[in-house]
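> Here's a structure for you.
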Amino acid sequence: MSAQPTESTPLLAAVDNSVTSKPTPGSRFPPMLRVYLVSVVGVMTFSLTQTALIYSFRTMTCDDYYETHEWDGVGDRCAIPVIESRTAKSIALMSSLTTGCTVINLFISSTFMSKYGVKAAMFQQTLWATLRNLTQIYAESKGGALGIKVITFTQVFNILGSGGGLQLCANSYVSMLSTDEERTANLGVTGGVVMLGAGIGFTIGGMLERFVGPLAPFQAAFGMLCFCTFFGAFFLPYRTPDSEKAKSDSDDDGKNKKTPHGFLGPLKFFVPRKVVVGTRVTRDWNLFFLGMGTFFSVLATGYVAMALQLVATNVFAFTPDTSGYMLSLTLFVRAFFLSVLFPRIISRGRAWLSGTSSTTTSPAPTVPSSPTLSPTPTLTEHPDDPDEAEISDAVGAPVYDTAPKLVDVQHGSTFDLLFLRYSILLDGFLTSLVTMATQGWHMYAAAAILPFASGTGPASKGVTLEFVPADERPAALSAIALVEKIAQVTTIGLFGYAFALLSEVGRPTWVFMLNASIAFIAFLLLLPVRMPRVRQPVAEAHA
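Under UniProt numbering, the sequence shown has 336 at position 336, and the numbering climbs by one with no breaks.
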């Protein structure tokens, strides 16, 4: 009887420390809410300037063009295909550089979190973003071709501090502070908080640009970044870095635990691994197809918001404030969906699916509280070591030294996978309808409807984390973020230039049909994914 508390105590203690580690005694502002606050304000700083940047690129491109050309028409002199095409190419170049540098930042942030902790990593994101913002203020004051070049160059600051790194740190915090049953829903809430901050930022940014001046959004972003930097440094909870944990555990399992290293190390999570099913050696492709499905889903949806903004600006003559209102609408609706509806859909969907498959719940009493760490009563020397338990009850998930058992019978996480599949399918269908837009209000309609097919991002994170043990989840989140950022680099480059070509032939809305086609491919790639079953004793084959 004494073995059971010994096995469960380390796992429960790790979760309890995450939830109750409140630096402020008697605080009414728990750690999770502090993470949400830094996330929402931090994302606001990036969205405050996005609409102003796009409009500024159009204005600066227009000014540069008419330095060597004469305007003899009527109406908006910038509303000509040449300027629209050049603007789209400049924005695509800037966005590709932004996302490429953000990919590098993910590696740096992951390493920084491992060595110094997630709190220090989040501090680094906002600090370097502040310096980037100051440089952009200078570029905006110069304007013209020089302004475009300087703003494009400032994206290099994303290597050390970016919005992607900020979200990675926030997701790592949420993963640490959440229980297994709440993790997917809380990741959805985090996504909703991010969308809320982006929506507020777009609204305020557009209004500041119109009523105060073109530099006002950048100045406001600078002040908010300073707030995030100091608030995060003093009020976010401290988490012990993985490097310190590894030192303390080196006597027991330091040689057995393997974590991905190298520049592309995190991607090893998605490499198919040999597993033993009964007496047969096979390969587990679940995480591979899950990673590919995530990649193509981001490839399909990553450019939609930018396409809406470009079509609204170039085709329907939206100004920065009206474009900001449109993006705020879609982000507010998405924030409502992810923060309010998504957790309820996941909770009720899991309950419904568990009710329809109640015959599979008999092994539940033997499952530990963590769905990915699987100690057994027969192994008591190192009960908190997943390597010691892999032969008896691990499931064939393609991870490094352990194939952890998924306790789907406890919280119905199979529904997360179903939601992931059909969410991207619905997203593609709705996106294809935007191709038929012919009036400005159609952009607002698309902005209000498309968010109800969101949820793919948090669902993919929740499903992926079910395949890895708790101590590898920060690295797994880095792997997911890396896949997403690589997809964003690809989608911005691919659809950015596709949009430029379609604009030249007068068919800019066709870009939405291309997005929908990629979404259908993502749906097909997710079909082979299967969650491991509790009754399948699978251990990884060590070649």
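Here a beta-carbon is modelled for each residue, glycine too, at the ideal position from N, C-alpha and C.
#1: Hey, leucine 308 and methionine 513 are a contact pair by Cβ (cut 8 Å); roughly how many whole angstroms apart?
#2: Hey, is the region 272-292 in contact with the region 513-532, meaning 3+ C-beta pairs nearer than 8 Å?
#3: Taking 8 Å as the cut-off, does the region 197-207 touch the region 38-46 (at least 3 CB pairs, one atom from each stretch)?
#4: Give me whichever residues DSSP pairs with aspartate 284 in a beta bridge.
#5: Give a yes or no on contact between the region 152-169 and the region 95-104, applying the rule of three or more CB pairs nearer than 8 Å.
#6: So serine 339 is in the alpha helix (DSSP H); what residue range does that whole segment cover?
#7: Can you give me the start and stop residues for the alpha helix (DSSP H) that leucine 97 sits inside?
#8: Going by CA-CA distance only, name the one from Phe218, Ile521, Leu430, Asn314 that's closest to glycine 440.
#9: Just to confirm, is the Cβ distance from leucine 331 to threonine 414 under 8 Å?
#10: Quick one, which of Ala92, Thr135, Phe29, Thr184 has its alpha-carbon nearest glutamate 466's?
#11: Following the continuous alpha helix (DSSP H) through valine 483, name the residue where it begins and the one where it ends.
#12: What whole-angstrom Cβ distance do glycine 455 and serine 478 have, given they're in contact under 8 Å?
#13: Out of Leu236, Pro241, Ile83, Tyr116, state which residue places its alpha-carbon closest to the alpha-carbon of leucine 310.
#14: Keeping to the same chain, check which residues put their C-beta closer than 6 Å to that of leucine 524; ignore five residues upstream and five downstream.
#15: Along the chain, where does the alpha helix (DSSP H) that runs through glycine 75 open and close?
#16: May I ask which residues mark the beginning and end of the alpha helix (DSSP H) holding valine 174?
#17: For glycine 302, which three-state DSSP category applies?
#18: Below 8 Å between beta carbons: does that hold for alanine 92 and isoleucine 492?
#19: Where do the N-terminal and C-terminal ends of the alpha helix (DSSP H) with glutamine 219 fall, by residue?
#20: Considering just the uninterrupted stretch of the alpha helix (DSSP H) at lysine 149, what are its terminal residues?
#21: Around the C-beta of glycine 73, are 16 or more other C-beta atoms found within 10 angstroms, so that it is buried, or is it exposed?
#22: By how many angstroms is the C-alpha of proline 30 removed from the C-alpha of lysine 485?
#23: How is aspartate 64 classed by DSSP in three states: helix, strand or coil?
#24: How big is the Cα-Cα spacing for leucine 187 and proline 458?
#25: Take the Cβ of glycine 75 as the centre, count every other Cβ of all protein chains shown within 10 Å, and call the residue buried at 16 or more, exposed below.
#26: Count the C-beta pairs between the region 293-307 and the region 163-182 that are closer than 8 Å, then say yes if the count reaches three, no if not.
#27: Residue ranges of each beta strand (DSSP E) run of no fewer than 3 residues wholly in the region 406-458, ordered along the chain?
#28: What residue does the alpha helix (DSSP H) around glycine 199 start on, and which one ends it?
#29: Tell me the rounded alpha-carbon separation between valine 174 and valine 194.
#30: Given a cut-off of 8 Å, decide if threonine 126 and glycine 232 are closer than it, judged by their beta-carbon atoms.
#31: Just to confirm, are threonine 190 and serine 39 a CB contact at a threshold of 8 Å?
#32: For residue 545, I'd like the list of residues in its chain whose CB is within less than 6 Å of its CB, leaving aside the five on either flank, ordered along the chain.
#33: Considering only the alpha carbon of each residue, which of Phe270, Ala221, Gly117 lies closest to lysine 461?
#34: Would you say methionine 326 and alanine 312 are within 8 Å of each other, going by their C-beta atoms?
#35: Taking proline 508 and phenylalanine 499 to be in contact with their CB atoms under 8 Å, please state how far apart those CB atoms are, rounded to whole angstroms.
#36: Ordered along the chain, which non-local residues of its own chain (more than five positions away) have a Cβ less than 7 Å from that of proline 451?
In short, the structure shows the following:
#1: Actually they do not touch by this definition, with Cβ atoms about 14 Å apart.
#2: yes
#3: Because the criterion of three Cβ pairs below 8 Å is met, the region 38-46 and the region 197-207 touch.
#4: Here aspartate 284 is bridged, per DSSP, to Arg273.
#5: yes
#6: Looking at the DSSP string, serine 339 is not in any alpha helix (DSSP H), and its letter there is neither H nor E.
#7: Where leucine 97 is concerned, the enclosing alpha helix (DSSP H) stretches over 81-116.
#8: For glycine 440, the nearest C-alpha among the options comes from Asn314.
#9: No. Outside cutoff.
#10: If we check each option's Cα against that of glutamate 466, Thr184 comes out closest.
#11: 473-504
#12: At roughly 21 Å, the Cβ-Cβ gap does not stay under 8 Å, so glycine 455 and serine 478 are not in contact.
#13: Ile83
#14: none
#15: No alpha helix (DSSP H) holds glycine 75; DSSP gives it neither H nor E.
#16: 163-177
#17: coil
#18: yes
#19: 216-235
#20: 144-154
#21: exposed
#22: Distance between the alpha carbons of lysine 485 and proline 30: 30 Å.
#23: In this structure, DSSP gives aspartate 64 a helical state, which the three-state scheme calls helix.
#24: Separation of leucine 187 and proline 458 (C-alpha to C-alpha, rounded to the nearest whole angstrom) is 5 Å.
#25: Its Cβ having fewer than 16 others within 10 Å, glycine 75 is exposed.
#26: no
#27: Complete beta strand (DSSP E) runs here, min 3: none at all.
#28: 183-211
#29: 13 Å
#30: Their beta carbons are under 8 Å apart, which means glycine 232 touches threonine 126 by this criterion.
#31: Contact flag set, yes.
#32: Only positions 1 to 543 of the chain appear in this structure, which leaves residue 545 out of reach.
#33: Phe270
#34: yes
#35: 6 Å
#36: Thr330, Val333, Arg334, Phe337
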